[in-house]
Each structure stands twice: as C-alpha cells, then as structure tokens.
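Notes for the one structure printed next.
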Amino acid sequence: MSEFTKRVLMTIVGVTVGGFSVGMFSFSAFGTDPFQVLAHGIWYQTNLDFGTLYMIVNLIMLVAVFFVDKRKIGIGTAINIFLLGYVVSFSTKLFTTWIPDPEIWVRIVFLTIGLLILSLSAALYFTGDLGVSTYDAVAIILSEKTPIKFQYLRISSDILCTVIGFLLGATVGVGTLVTAFFMGPMIAFFKHKIAMPIRYGQARTRELIAEEQEKKRRAKA
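Just so we're aligned, residue 372 is where the sequence shown starts under this note's numbering, counting upward by one.
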C-alpha cells in the first residue's frame, strides 16, 4: 500500500468512525462537545438558523486557518464539512431506534465508549495529515508553533469554548466537561500508540516522538 493511500484511508476511516462516535455521544444525552456548546451559545444570540450559523462560524475559522497554515486544509477538511454531519445524524437515529429508552448505565457506557472512539478516530485523521476540521486545526497549529504540548492546548481551547458558550446561554453537561478535560490527552495517547505506528512503523514513530520532544525542549530553553 502506498504512503498516500494509507493516509487517505486513515483520514476517511478517522472522520467516518468519528461521526459514529459523536452519534454515541449525542445518544448518551450528557451534553455536547465544547465546540458545539460555543456554536449553540452564539446561535442563541442571533436570529439565524443553526445550520447557517454553524457554516458561517466554520467558514470564518477556515479563512483564519488558511492564512495561518493552509497545509491544515485538505481532504479531511472537506470530509468534515460535507460528510460528518450526515454520519452523526444517521448514527444518532440508529442508536435511538435500537434503544429508544436507554437506562442511565447504558448512557454512561455510550458516553465512555464514544469518547474513546472519538479520540482514536481524531488521532487517525490528524496523523493522516490530509486536512483537519477548522476547530481541530487550532490546537494543532499552536502546538507546532509554540513549546506547549498539544494536549494542554486542546484542553485550554475546549475549556474556553465551554465557558464562552455557557456565558452565551448554551447548556453544559457532564459529557461536555469530560470531553474538555480528557479528550486532548487521549488524542495524544492514541496518536503515539496507534496512529503514528500505523503510518510510520514502530521504529520511525520512536524517532519522530524523540524529535518532537527535543524540539519542545529547545523551544523552552
């Protein structure tokens, strides 16, 4: 399998599986992810349709990402914009039809598994490096341009979105807080343990991680 084919597959699988995991997250009814909280908060302050508002927010962020680091825009970005929403909608309806009135323990299981799969899928399509969603690009770009690790930047951006969205009137649930504090570290874990070895192999992965750590160390010095 060629390097490019492997990257395309990692991107498609990552985004598609990620859509199903967001559907699991939605089905658990424990709150939306931090970026959705921000989007809903802004939506409550406007008279726009949510779909229109969400598209506008993403387009504004897309323009910003293009000027800061356009390498982060690619196939993965397009798949996120045009496919992810349909996968989330389909999976949510599927789970709701399958279990129309879930007990609390079922919702907790779906939340937990959904978060794990969402983190793994994000690690896969990040490592495929063929473009990411506009929100995901923020922490990735900052981690590449500063000595701060990705997981800490992701936690910070998630918390910031949660706080702003809440202040604007959006609802914050347990799932939102769990995502804000744990998704960043989990993405970093799956990236190093699974996604990078799939793309580069174990030996090259160890070299790349060592180079990344050395780069961060020099930036702090």
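Beta carbons are placed, not taken as given, at the ideal position from N, Cα and C, and that holds for glycine. Please read these numbers as outputs of a predicted model, since none were measured by experiment.
Express the C-alpha separation of residue j and residue i in angstroms, rounding to a whole number.
i	j	result
Tyr415	Phe391	26 Å
Glu585	Ser490	25 Å
Val509	Val436	8 Å
Pro568	Tyr496	13 Å
Leu424	Pro471	30 Å
Ala566	Val480	24 Å
Lys443	Val393	22 Å
Ala400	Val503	26 Å
Glu474	Phe521	36 Å
Arg570	Phe561	13 Å
Val594	Leu531	Outside the modelled stretch of the chain, which goes from 372 to 592, sits residue 594, for which no answer is possible.
Gln573	Met557	19 Å
Gln439	Gly544	First, the residue type needs correcting, since residue 439 is Val and not Gln in the sequence shown. If you take the alpha carbons of Val439 and Gly544, they lie about 32 Å apart.
Thr517	Glu582	15 Å
Asn668	Leu380	The shown model of the chain, from 372 to 592, leaves out residue 668, and the question about it has no answer.
Thr467	Val434	36 Å
Leu482	Ile519	29 Å
Tyr523	Thr576	21 Å
Lys441	Lys564	27 Å
Thr376	Phe453	21 Å
Measuring CB to CB, does residue i end up less than 8 Å from residue j?
i	j	result
Thr505	Pro405	no
Phe396	Gly546	yes
Ile446	Thr382	yes
Val386	Leu465	no
Arg378	Leu579	no
Ala493	Asp507	yes
Ile511	Phe552	no
Going by Cα to Cα distance, which pick from the options is closest to residue i?
i	options	result
Gly536	Val386, Arg575, Gly402 and Leu524	Gly402
Asn429	Ala449, Asp440 and Arg378	Ala449
Ala541	Gln407, Phe438 and Val388	Gln407
Phe461	Ile512, Ile511 and Gly389	Gly389
Ala410	Trp476, Leu539 and Ile511	Leu539
Leu486	Glu583, Leu548, His563 and Leu419	Leu548
Asn451	Val384, Asn418, Ser528 and Thr468	Val384
Gly412	Phe453, Ile519, Asp529 and Val534	Val534
Ser514	Met426, Arg588, Arg575 and Thr376	Arg588
Just confirm the distance between the C-beta atoms of residue i and residue j, as a whole number of angstroms; I'd bet it's less than 8 Å.
i	j	result
Phe421	Thr463	Not quite, the Cβ-Cβ distance comes to about 15 Å (not below 8 Å), so this is no contact.
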